[in-house]
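Protein chains in written order, with my numbering: chain A, 2 to 358; chain B, 7 to 234.
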Amino acid sequence: MTLQLQARLCHGDEFELRIDTALPLDGVTALFGRSGCGKTTLLRIIAGLERVPGATVRFGEEVWQAGRRFVPLHRRRIGLVFQEHSLLPHLSARENLLYGYRRTPESLRRLHPPEVTAMLGIDGLLDRRIDQLSGGERQRISLGRALLITPQLLLLDEPLSALDTQSKREIMPFLSRMAEESQVPIILVSHAPEEVERLADRVAFMQAGRIERIDSLHEALARSDSPLFADEGAVSVLEGRVGEAGEDGLRPFGPPEARLWLSGAEQRAGDRTTRLRILARDVSLALDDPQRISIQNHLPVTIERIDPPRHNRIVVACHTADGQLLLAEVTPRAVRLLGLAVGQRLYALIKSVALLE
Amino acid sequence: MSALGPAEWQAIEVTFRLCLYTTLILLTLATPLAWWLAQGRSTARVVVQAIVALPLVLPPTVLGFYLLVALGPRGVVGGTLESMGLHHLAFSFEGILFASVLYSMPFAVQPLSEAFASLGRRPVEVASSLGAGALDRFRSVIFPLTRGGFVVAATLTFAHTLGEFGVILMLGGSIPGETKVLSVLIYDHAEAMNYEAAHSLSLMLLLFAFVTLFVVYSINRRFQVARV
Numbered sequence: 002m003t004l005q006l007q008a009r010l011c012h013g014d015e016f017e018l019r020i021d022t023a024l025p026l027d028g029v030t031a032l033f034g035r036s037g038c039g040k041t042t043l044l045r046i047i048a049g050l051e052r053v054p055g056a057t058v059r060f061g062e063e064v065w066q067a068g069r070r071f072v073p074l075h076r077r078r079i080g081l082v083f084q085e086h087s088l089l090p091h092l093s094a095r096e097n098l099l100y101g102y103r104r105t106p107e108s109l110r111r112l113h114p115p116e117v118t119a120m121l122g123i124d125g126l127l128d129r130r131i132d133q134l135s136g137g138e139r140q141r142i143s144l145g146r147a148l149l150i151t152p153q154l155l156l157l158d159e160p161l162s163a164l165d166t167q168s169k170r171e172i173m174p175f176l177s178r179m180a181e182e183s184q185v186p187i188i189l190v191s192h193a194p195e196e197v198e199r200l201a202d203r204v205a206f207m208q209a210g211r212i213e214r215i216d217s218l219h220e221a222l223a224r225s226d227s228p229l230f231a232d233e234g235a236v237s238v239l240e241g242r243v244g245e246a247g248e249d250g251l252r253p254f255g256p257p258e259a260r261l262w263l264s265g266a267e268q269r270a271g272d273r274t275t276r277l278r279i280l281a282r283d284v285s286l287a288l289d290d291p292q293r294i295s296i297q298n299h300l301p302v303t304i305e306r307i308d309p310p311r312h313n314r315i316v317v318a319c320h321t322a323d324g325q326l327l328l329a330e331v332t333p334r335a336v337r338l339l340g341l342a343v344g345q346r347l348y349a350l351i352k353s354v355a356l357l358e
Numbered sequence: 007m008s009a010l011g012p013a014e015w016q017a018i019e020v021t022f023r024l025c026l027y028t029t030l031i032l033l034t035l036a037t038p039l040a041w042w043l044a045q046g047r048s049t050a051r052v053v054v055q056a057i058v059a060l061p062l063v064l065p066p067t068v069l070g071f072y073l074l075v076a077l078g079p080r081g082v083v084g085g086t087l088e089s090m091g092l093h094h095l096a097f098s099f100e101g102i103l104f105a106s107v108l109y110s111m112p113f114a115v116q117p118l119s120e121a122f123a124s125l126g127r128r129p130v131e132v133a134s135s136l137g138a139g140a141l142d143r144f145r146s147v148i149f150p151l152t153r154g155g156f157v158v159a160a161t162l163t164f165a166h167t168l169g170e171f172g173v174i175l176m177l178g179g180s181i182p183g184e185t186k187v188l189s190v191l192i193y194d195h196a197e198a199m200n201y202e203a204a205h206s207l208s209l210m211l212l213l214f215a216f217v218t219l220f221v222v223y224s225i226n227r228r229f230q231v232a233r234v
């Protein structure tokens, strides 16, 4: 199933938006681009909040907009979550949560309050007044409220950008769990690479009102010039399962041949695959496996690609023993002195590892 | 001060009826109009806004004069009504009701469109995404969040209609039980040198107007505090 979109929006002589695409409707699709590239406008067209003449929006078999046909938002069954808290201020947290649920015909309800409140950890918040909730808590209630209409599609418009770092940390696991468990396709508008790397399955890169390309997250991260690397440099995302913590409090991540040890306190063991986001500048390379060193995470890797130098740094793309891509950022001097070459086997030392969960 | 006689009670009854009907009609008309005005800044909206605000600056006699011409037996509206076998609207309660609706319109439209504008579009968009249709959105989100605007609009409309004089005198004359409202009766009393009767009615209106404005401003203030 796909979401077909055609829209042209002119501002004077220039195109503000020129879209002709079909977005796959499974998992999380990120619309990624700088502010002003038209991603929020596109989201509003999908939602039916912006009625652009001549635009076409088809959701699978359903025609939401075409010619003179226009289905208003309240009949599209789209869950919308905005940037800043958008709870209805005259209602309590519980009334907000149930506002849409009460308006959803019983036959369409597939998600119900008990599971949604558990999924988002908002059980204890429902009797509070809205002004007693933190930004992250409000956003979780907004997410729950949107989920409870059992939406056909969830549109998240920079849901984390108004939150401080701590609230972001707090809400991210809920978001990724929601993406996985609710089975509702999600379109996430974002200009933050971290959000995309943590949540998205594929990325539509937008620039100047157009979708430049749609890549899977893995493809997007494999390009050395990926726009996702604009902020913090190259990043790799490893996927794996987290095991039970050992006596020293460290938790194993990934299969034995490519095992990492994580120190975060909040991580839970489980069957679910989690993502580990690793900055390339936090990865060093060694020809031998150093034993007497404080860094505990050593992975045997094979060099797959060595990028040309940029700003006097070179990104070396390696794959781990379980076939995942791991990027290391080193200096041209290091490449020369170590004699790094494609196909070479060596060790990646990962200094700081931030588990995405 | 003298006690109120039957003429006074009759005028109070006419006045109260006029104010009540005007307020009810205007709230119904002004709500969609103010909503539309609050949605943007197009030229059409500015034109409508200016027209709605005209009674604020025009002498009431101007409005009254044109209404008399239009609603009278030979006017566009009055003539049509006559030809349909109905009565024209000059010198009738229906006529001054029509005039009051026009004359007090800015006092209903402006507080409402301000309230709608400060509400913003977010709560309404949220409600639509959660499956609420237009009427449902009005009932469950827009009205509860702009209730203060409605109270202010209703109170100001009621009070302003109470203070109407020029338009009514031009269009309605001074027919007891039909168009003789308090302000006209006070004028008649004063003309007849009946100062005591004019004084008791005037004082009544003065106190009523003060209480009304006091209520409006307290609501306004409470709303500002609540917003910050």
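Idealized CB from N, CA, C, for every residue including glycine.
Note that the coordinates shown come from a computational prediction; the quantities given were computed from them, not determined experimentally.
Tell me which residue opens and which closes the beta strand (DSSP E) that S217 (chain A) is part of.
Going by DSSP, S217 (chain A) is part of the beta strand (DSSP E) stretching over 211-217.
Should G179 (chain B) be flagged as near chain A, meaning a C-beta pair shorter than 7 Å? Taking Cβ atoms only, chain A never reaches closer than 7 Å to G179 (chain B), which makes this a no.
*Would you tell me roughly how many angstroms separate the C-alpha atoms of I47 (chain A) and F156 (chain B), rounded to the nearest one?*
Whole-angstrom Cα-Cα distance: 34 Å.
(message) Please list, in chain order, the chain A residues whose beta carbon lies closer than 9 Å to that of A1 (chain B).
(response) Summary: the structure shown does not reach residue 1 (chain B), with chain B confined to residues 7 through 234, and so no result is reported for it.
### Query
Looking at the unbroken alpha helix (DSSP H) that takes in D142 (chain B), where does it start and where does it end?
For D142 (chain B), the enclosing alpha helix (DSSP H) stretches over residues 140-143.
- [ ] Report, in whole angstroms, the separation of the C-beta atoms of L24 (chain A) and I188 (chain A), which I expect to be a contact under 8 Å.
- [x] Cβ-Cβ separation between L24 (chain A) and I188 (chain A): approximately 7 Å, consistent with a contact (criterion under 8 Å).
**Asked** Can you give the beta carbon distance from L43 (chain B) to V54 (chain B), rounded, assuming they're within the 8 Å contact cut?
**Response** About 7 Å separates the two Cβ atoms, so the contact holds.
Task: Extent of the continuous beta strand (DSSP E) to which A9 (chain B) belongs - done: No beta strand (DSSP E) holds A9 (chain B); DSSP gives it neither H nor E.
Inter-stretch contact (C-beta, 8 Å, three-pair minimum) for the segment 192-204 of chain A and the segment 227-242 of chain A | The answer is yes - the segment 227-242 of chain A touches the segment 192-204 of chain A, with three or more Cβ pairs under 8 Å.
>> Counting only C-beta atoms, is S237 (chain B) closer than 7 Å to chain A at any point?
In response: With chain B covering only 7 through 234, there is no way to say anything about residue 237 (chain B).
Could you tell me the alpha carbon to alpha carbon distance between H320 (chain A) and R128 (chain B), rounded to whole angstroms? Using only the alpha carbons, I get a separation of about 46 Å.
In the DSSP assignment, find the unbroken beta strand (DSSP E) run with H12 (chain A) in it and report its ends. Here the beta strand (DSSP E) through H12 (chain A) covers 3-12.
With a cut-off of 7 Å, does the C-beta of R128 (chain B) fall near any C-beta of chain A? Chain A contact via Cβ: present.
message = Given a cut-off of 7 Å on the beta-carbon distance, is the pair C38 (chain A) and Q208 (chain A) in contact?
response = Yes, the pair counts as a contact, with Cβ atoms nearer than the cut-off.
Q | Beta-carbon neighbours of P66 (chain B), restricted to chain A and to distances below 7 Å | A | Going along chain A, no residue has its Cβ under 7 Å from P66 (chain B), so there is no contact; the nearest lies around 39 Å.
Amino acids of chain B, ordered along the chain, whose beta-carbon sits closer than 7 Å to that of R139 (chain A): Taking a Cβ-Cβ threshold of 7 Å, none of the residues of chain B is close to R139 (chain A); the smallest such distance is about 12 Å.
Cα-Cα separation, I150 (chain A) to S227 (chain A) | Their backbone Cα atoms lie some 36 Å apart in a straight line.
Review point. For a contact meaning CB atoms closer than 7 Å, what does V147 (chain B) contact in chain A?
Key: Ordered by position in chain A, the residues that pass the 7 Å Cβ test against V147 (chain B) are L89.
(request) Report yes or no: do the segment 59-79 of chain A and the segment 115-134 of chain B share at least 3 C-beta pairs separated by less than 8 Å? (result) Yes: at least three Cβ pairs fall under 8 Å.
- Message: Can you check whether the C-beta of L151 (chain B) is within less than 7 Å of a C-beta belonging to chain A?
- Response: True, the Cβ-Cβ gap to chain A drops below 7 Å.
7 Å CB neighbourhood of H166 (chain B) in its chain, flanking five on each side removed = Same-chain partners within the cutoff: S110, F113.
Burial state of H12 (chain A), where buried means 16 or more other Cβ atoms lie within 10 Å: H12 (chain A) is exposed by the Cβ-count criterion.
Where the beta strand (DSSP E) containing G80 (chain A) begins and where it ends | 79-82 is the span of the beta strand (DSSP E), which, as asked, contains G80 (chain A).
Looking at the C-beta of I150 (chain A), does it have a partner C-beta in chain B at a distance below 7 Å? For I150 (chain A), the answer is yes, since a Cβ of chain B falls inside 7 Å of its Cβ.
Nearest chain B C-beta to L121 (chain A) closer than 7 Å, yes or no? No - not a single Cβ of chain B is within 7 Å of the one on L121 (chain A).
| query | Nearest chain B C-beta to I79 (chain A) closer than 7 Å, yes or no? | reply | Yes, I79 (chain A) lies at the interface with chain B (some Cβ there is under 7 Å from its Cβ).
How long is the line joining the alpha carbons of I20 (chain A) and H86 (chain A), rounded to whole angstroms? Taking the straight line from one Cα to the other gives about 29 Å.
Would you please verify whether the beta carbon of V54 (chain B) is less than 7 Å from any beta carbon of chain A? No, no contact with chain A.
Within 10 Å of its beta-carbon, does L338 (chain A) have 16 or more other beta-carbons around it, so buried, or fewer, so exposed? L338 (chain A) counts as exposed, since fewer than 16 other C-beta atoms from the protein chains shown sit within 10 angstroms of its C-beta.
Worksheet item: In chain order, what residues of the same chain lie with their CB nearer than 6 Å to the CB of G241 (chain A), ignoring the 5 residues before and after it?
Response: Taken in chain order, the residues that qualify are F254, G255.
Going by DSSP in three states, V54 (chain B) sits in which element: helix, strand or coil?
Taken through DSSP and simplified to helix, strand or coil, V54 (chain B) comes out as helix.
**Message:** Do A281 (chain A) and L350 (chain A) have their beta-carbon atoms positioned less than 7 Å apart in this structure?
**Reply:** Not a contact, by the Cβ cut-off of 7 Å.
- With 7 Å as the threshold, decide whether the Cβ of G13 (chain A) is near any Cβ in chain B. Under the 7 Å criterion on CB atoms, G13 (chain A) is classed as non-interfacial with respect to chain B.
> CA-CA distance, S285 (chain A) and G126 (chain B)?
Replying inline: Cα to Cα, S285 (chain A) sits roughly 51 Å from G126 (chain B).
Members of the segment 45-61 of chain A near chain B, C-beta cut-off 8 Å: Taking 8 Å as the cut-off between beta carbons, the residues of the segment 45-61 of chain A near chain B are A48, L50, in sequence order.
Determine contact between the segment 320-330 of chain A and the segment 7-24 of chain B, defined as no fewer than three beta-carbon pairs at a distance below 8 Å. In short, these stretches do not touch, since the Cβ pair count stays below three.
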